[in-house]
Ligand code: G1P
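Here it is, written out as structure tokens:
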């Protein structure tokens with residue numbers, strides 16, 4: 068088997084940001100733990116990584132965000148208290164986060180950018196391919212985006228990104244790719260990457276949606292990457308350097324179900340949507356229909 072046929076089994080999840088869009092709550096509650104009813108956003112993201120076979124996880128956190136690590140730790144005291152009351156369902160619920168994956172936490176001491184945060188995982192990941200899942204969004208497990216990306220990366224040995232089409236006027240919030248088609252309908256060859264371009268400079272309306280599968284060879288490139296957009300060390304810039312130096316870069320254009328939680332409005336939409344799909348919240352959908360009618 069060649070070097071390039073290794074499948075990524077590690078995932079790096081940067082969770083060190085300040086989440087200023089959600090202040091004041093994020094003074095004390097990391098945005099990664101904001102609940103979708105009773106389950107934090109980060110749990111969905113870990114489930115996505117684990118379901119794709121990347122269940123050796125590095126969480127990159129920061130000062131004041133230790134509750135993230137606590138959430139995935141065992142709670143024998145609580146288990147005992149629940150057992151004494153015969154609450155077996157609740158015991159299962161608190162054990163679920165512990166069982167998803169093997170979790171390692173490291174700190175990003177200084178907020179120097181996404182590229183810097185990913186670079187903190189170098190010692191744990193080594194020279195293996197790995198997935199990066201940003202904490203603002205998650206995809207429906209049935210739509211299998213990450214497994215497809217990991218398969219493609221194992222074939223190419225290069226970089227695989229997830230891309231999504233957005234209205235051209237919205238591109239400036241994201242990294243943007245210029246692309247060529249391939250023989251596979253939803254796979255494109257990436258010919259350039261730019262972080263948060265002005266609308267008039269954007270090479271396309273295909274944005275990077277926060278799922279990446281990268282070769283371990285990116286770590287020295289990250290180390291050598293100078294601050295870019297916003298004065299931060301950008302993952303986008305390091306990937307574009309590798310591309311310019313001959314690393315194959317492909318994008319999987321995702322058209323499945325994606326749940327965004329990066330902004331208050333999108334977070335709320337995700338919360339309501341997923342709540343409406345549950346069958347253990349009696350009366351919620353009836354109330355939602357009635358309430359919606361009052362808005363018309
Ligand atoms: C980061 C990346 C950007 C990507 C986005 C996806 O930006 O730098 O390229 O499009 O995540 O969520 P951030 O949202 O951290 O500013």
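Numbering (this note's numbering), first residue to last: 68 to 363. Glycine residues also receive a C-beta, built at the ideal position from the N, C-alpha and C atoms. Everything numeric in this text was worked out from a predicted model, so none of it was measured.
Within the stretch 273-327, ranges of the alpha helix (DSSP H) (whole runs, at least 4 residues): 285-291, 302-311
N- and C-terminal bounds of the beta strand (DSSP E) containing residue 124: Position 57 of the chain shown, counted from the start, is the residue given in the question as residue 124. Here the beta strand (DSSP E) through residue 124 covers 123-128.
Span separating the alpha-carbon of residue 347 from that of residue 330: For the purposes of this step, residue 347 is taken as residue 280 along the chain shown, with counting starting at 1. For the purposes of this step, residue 330 is taken as residue 263 along the chain shown, with counting starting at 1. Residue 347 and residue 330: Cα-Cα distance of roughly 27 Å.
Environment of residue 295 [buried if 16+ CB atoms lie within 10 Å]: As a position in the chain shown, residue 295 is number 228, starting the count at 1. Classification for residue 295: buried.
Exposed unless 16 or more other CB atoms sit within 10 angstroms - verdict on residue 199: Residue numbering aside, residue 199 sits at position 132 when the chain shown is read from its first letter. Looking at its Cβ environment, which holds 16 or more other Cβ atoms inside 10 Å, residue 199 is buried.
As assigned by DSSP and simplified to three states, the class of residue 166: Translated into the one-based positions of the chain shown, residue 166 becomes position 99. Residue 166 falls in the helix class under three-state DSSP.
Rounded separation between residue 114 and residue 167 - CA only: As a working note, residue 114 is residue 47 in the chain shown. As a working note, residue 167 is residue 100 in the chain shown. Their backbone Cα atoms lie some 6 Å apart in a straight line.
Where residue 256 falls: helix, strand or coil (DSSP): Taking the first residue of the chain shown as position 1, residue 256 is located at position 189. Residue 256 falls in the strand class under three-state DSSP.
Residue 301 beta carbon near ligand 1 (any heavy atom closer than 7 Å): For the purposes of this step, residue 301 is taken as residue 234 along the chain shown, with counting starting at 1. Yes - ligand 1 has a heavy atom lying nearer than 7 Å to the Cβ of residue 301.
Any non-hydrogen atom of ligand 1 within 7 Å of residue 201 CB: Position 134 of the chain shown holds residue 201. It does: the Cβ of residue 201 is within 7 Å (strictly closer) of some heavy atom of ligand 1.
Residue span of the alpha helix (DSSP H) that contains residue 331, given as start and end: Indexing the chain shown from 1 puts residue 331 at position 264. Counting along the chain, the alpha helix (DSSP H) containing residue 331 begins and ends at 331-343.
Cβ contact check for the stretch 314-321 and the stretch 81-92: 3 or more pairs under 8 Å: no
CB contact flag (residue 306, residue 341, <8 Å): Here residue 306 refers to the residue found at position 239 when the chain shown is read from its first residue. Here residue 341 refers to the residue found at position 274 when the chain shown is read from its first residue. Going by C-beta atoms, residue 306 is not nearer than 8 Å to residue 341.
Assumed close pair residue 300, residue 183 - CB separation to whole angstroms, cut-off 8 Å: Here the question's residue 300 lines up with position 233 in the chain shown. Here the question's residue 183 lines up with position 116 in the chain shown. Right, the Cβ-Cβ distance comes to about 4 Å (below 8 Å), so this counts as a contact.
Residue 85 in three-state terms, based on DSSP: Translated into the one-based positions of the chain shown, residue 85 becomes position 18. In the structure shown, residue 85 sits in coil (DSSP, three-state: anything other than H, G, I, E or B).
Rounded straight-line distance, which links the Cα of residue 129 to that of residue 107: One-based indexing of the chain shown puts residue 107 at position 40. One-based indexing of the chain shown puts residue 129 at position 62. The straight-line gap from Cα to Cα measures roughly 18 Å.
Burial state of residue 117, where buried means 16 or more other Cβ atoms lie within 10 Å: Here residue 117 is taken as the residue at index 50 of the chain shown, counted from 1. Burial call: buried.
CA nearest to the CA of residue 120, picked from 73, 135, 308, 360: Here residue 120 is taken as the residue at index 53 of the chain shown, counted from 1. Looking at the Cα atoms, 73 is the closest of the given residues.
Any non-hydrogen atom of ligand 1 closer than 7 Å to residue 354 Cβ: Counting from one through the chain shown, the residue named residue 354 turns up at place 287. Because no heavy atom of ligand 1 lies under 7 Å away, the Cβ of residue 354 does not count as near it: no.
Rounded Cβ spacing between residue 314 and residue 103 (contact assumed at less than 8 Å): Within the chain shown, residue 314 is the residue found at index 247, counting from 1. Within the chain shown, residue 103 is the residue found at index 36, counting from 1. Wrong, their Cβ atoms sit about 36 Å apart, outside the cutoff.
Element boundaries [beta strand (DSSP E), containing residue 248]: Taking the first residue of the chain shown as position 1, residue 248 is located at position 181. Here the beta strand (DSSP E) through residue 248 covers 242-248.
beta-carbon residue 275 near ligand 1 non-hydrogen atom, thresh 7 Å: As a working mapping, residue 275 is identified with position 208 in the chain shown. The answer is yes for residue 275.
Residue 104 - containing beta strand (DSSP E), residue span: Counted from its first residue, the chain shown places residue 104 at position 37. Unbroken run through residue 104: none, as it is neither H nor E.
Residue 68 burial status per 10 Å Cβ neighbour count (16 or more: buried): On the chain shown, residue 68 is found 1 positions in, with the first residue counted as 1. Here the model assigns residue 68 a pLDDT of 41, short of 50, so the residue's position is not dependable, and the following value carries that caveat. Per the 10 Å Cβ criterion, exposed.
Cβ-heavy atom distance, residue 295 to ligand 1, below 7 Å: For the purposes of this step, residue 295 is taken as residue 228 along the chain shown, with counting starting at 1. Because no heavy atom of ligand 1 lies under 7 Å away, the Cβ of residue 295 does not count as near it: no.
Between the CA atoms of residue 248 and residue 92 - distance to the nearest angstrom: Residue mapping note: residue 92 aligns to position 25 of the chain shown, counting from 1. Residue mapping note: residue 248 aligns to position 181 of the chain shown, counting from 1. Cα to Cα, the separation comes out at about 43 Å.
The stretch 165-179 touching the stretch 206-218, judged by at least three CB pairs closer than 8 Å: no
Buried or exposed by the 16-neighbour rule on C-beta atoms within 10 Å, applied to residue 70: Within the chain shown, the letter at position 3 stands for residue 70. Any reading at residue 70 must be qualified, since the residue scores a pLDDT of 48, below 50, and its modelled position is unreliable; the value itself is stated next. Classification of residue 70: exposed, given that the 10 Å Cβ count is below 16.
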